[in-house]
Amino acid sequence: MNNMGYWFFNDGDKGQFQSIPLAKLEANHVRIRADYSSINYKDALAVTGKGKIFRSYPIVPGIDVAGTVSETTSNHYNVGDKVLVTGCGLGETFAGGYQEHVDVDEAHVIPLPISFSTLDAMLIGTAGFTAGLALLRMEKLDQKPDLGPILITGASGGVGSFAVRLFSLKGYEVVAQSEKTNKRDYLLSLGAKNVDTLASLHLGNKPLDTIRFGGGVDSLGGEVLSKMVAQTNLYGNVASIGLAASAKIESTVMPHILRGASIIGISSANTPRRMREEVWSMLSRTLTKENLSLIEHTIINFDQIPEMAKKFFTREISGRVVVKIASTQDRS
Ligand SMILES: NC(=O)c1ccc[n+]([C@@H]2O[C@H](COP(=O)([O-])OP(=O)(O)OC[C@H]3O[C@@H](n4cnc5c(N)ncnc54)[C@H](OP(=O)(O)O)[C@@H]3O)[C@@H](O)[C@H]2O)c1
């Protein structure tokens, strides 16, 4: 049987849509008939070649996939099971979600939570999972609404949108930062109490500044992250998630040693299985269909991936981009 995928054969090559015969399924693996994948910032870096994401060739990008098990050599999954995978090397070290049939080690596969369709799972994808992981990790370090507002940067993006919704659903006051002034109403509808641009936030330059936030979720990196920590309350936490503005931080130890404020590292792709299950379980309890319908999203076809990936760097995206891999009519 052939498998249509968006292949990158060598370092520096452009992607090509090609149908290639399926290989024999390895031991303890499942073959997933993909319904949907998504485009995350990391996928956009990979597809456009702006970031060195691929660790081996040939490769298919797509760090997320949800679909149905069509073949299995695993004792844990049966043909017909609905499943999802986010991260774990998918679309980086082994062929990812932008293909019809995705072979994955059983260790990386998560049974689809009963309350979610495969479309819901990919609307959430790595972005929503990462926002949920940040919430979970911060609360394990005693983050509480009474510590003060949570500043969420890059709020109109995938991670940002889910972070705004999740934190506000959990009773936190959310300050959403976005440079897209036309997304103000959207962010308020997700539960933000205030929406600011970087300029209107006036984050200041002091290594230890007046306390304004209980914590934060940061997609930008660079000086924004250091400034957020300098204004974080005693024993508050800032989840460091992204580098959309810069991969560098210049900081001092002052907020850490004088206020006990922490920067928490978030690496969604490398999250241990127990924690991944915990996050998906929390997301399935928290994100009702109504909540999911609030997240702006675009559903694209397979062949629109290259064009859509470019838009991540011209700031034309808000919310999530879901990629439809197979239509139900395609199924045999
Ligand atoms: N650590 C992890 O496990 C993990 C997981 C997922 C994502 N990430 C990272 O988190 C970040 C966000 O990912 P995403 O999928 O949510 O991406 P996204 O949908 O593109 O959102 C990023 C947002 O950041 C803002 N932004 C982009 N470029 C910027 C710039 N140069 N200066 C200031 N703001 C900028 C934009 O927000 P506004 O237009 O609203 O200002 C944009 O919507 C990325 O860096 C990604 O690599 C990390």
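All you need for our numbering is the position in the sequence shown, starting with 1, plus 8.
Glycine included, C-beta positions come from ideal geometry on N, C-alpha and C.
message: Quick check: is any heavy atom of ligand 1 less than 7 Å from the C-beta of LYS191?
response: Result yes, Cβ under 7 Å from ligand 1.
- prompt: Does the distance from the C-beta atom of SER164 to that of LYS201 stay below 8 Å?
  reply: No, these two residues do not count as a Cβ contact at 8 Å.
- request: Given a cut-off of 8 Å, decide if SER176 and SER292 are closer than it, judged by their beta-carbon atoms.
  value: No, Cβ-Cβ distance for SER292 and SER176 is not below 8 Å.
task: Run the proximity test for TYR106: is its beta-carbon closer than 7 Å to any non-hydrogen atom belonging to ligand 1?
output: no
- prompt: Should ALA73 and LEU92 be called a contact, given that it needs their Cβ atoms to be closer than 8 Å?
  reply: The question names Ala, yet the displayed sequence has Val at residue 73. Against a cut-off of 8 Å, the Cβ pair of LEU92 and VAL73 comes out as a contact.
- prompt: Nearest to ASP19 by alpha carbon, out of LYS32, ILE61, THR260?
  reply: ILE61
query: Quick one: what's MET353 bridged to in DSSP?
result: Only positions 9 to 340 of the chain appear in this structure, which leaves residue 353 out of reach.
- prompt: What's the call for HIS109, buried or exposed, on a 16-neighbour Cβ count within 10 Å?
  reply: buried
query: So, PHE221 versus GLY156, is the Cβ gap smaller than 8 Å?
result: Yes. Within cutoff.
message: Please state the DSSP three-state secondary structure of GLY20.
response: In the structure shown, the three-state DSSP call for GLY20 is coil.
message: Between LYS318 and THR56, how many whole angstroms is the CB-CB distance? I'm expecting something under 8 Å.
response: Contact holds; Cβ gap of about 6 Å.
- prompt: Just curious, the alpha helix (DSSP H) that SER289 is in, first and last residue?
  reply: 281–294
- request: Give me the Cα-Cα distance between LEU300 and GLY136, rounded to the nearest whole angstrom.
  value: 10 Å
task: Tell me whether the beta-carbon of GLY273 lies closer than 8 Å to the beta-carbon of SER248.
output: yes
query: Are there 16 or more other CB atoms within 10 angstroms of the CB of ILE265, so buried, or fewer, so exposed?
result: exposed
task: Tell me whether LEU144 counts as near ligand 1, meaning its Cβ is closer than 7 Å to at least one heavy atom of that ligand.
output: no
message: For PHE320, count the other beta carbons within 10 Å of its own beta carbon; 16 or more makes it buried, fewer makes it exposed. Which is it?
response: buried
query: Helix, strand or coil for VAL232 per DSSP?
result: helix
query: Does any heavy atom of ligand 1 sit closer than 7 Å to the C-beta of GLY244?
result: Ligand 1 never approaches GLY244 closely enough for any of its heavy atoms to be under 7 Å from the residue's Cβ.
field: LEU198 beta carbon less than 8 Å from that of SER169
entry: Going by C-beta atoms, SER169 is nearer than 8 Å to LEU198.
message: What I want to know is whether the C-beta of ARG323 ends up closer than 7 Å to one or more non-hydrogen atoms of ligand 1.
response: yes
- prompt: What is the DSSP secondary structure of SER169, reduced to helix, strand or coil?
  reply: helix
message: Could you check whether the Cβ of ALA62 sits closer than 7 Å to any heavy atom belonging to ligand 1?
response: Looking at the sequence shown, residue 62 is not Ala but Phe. PHE62 Cβ: outside cutoff for every heavy atom of ligand 1.
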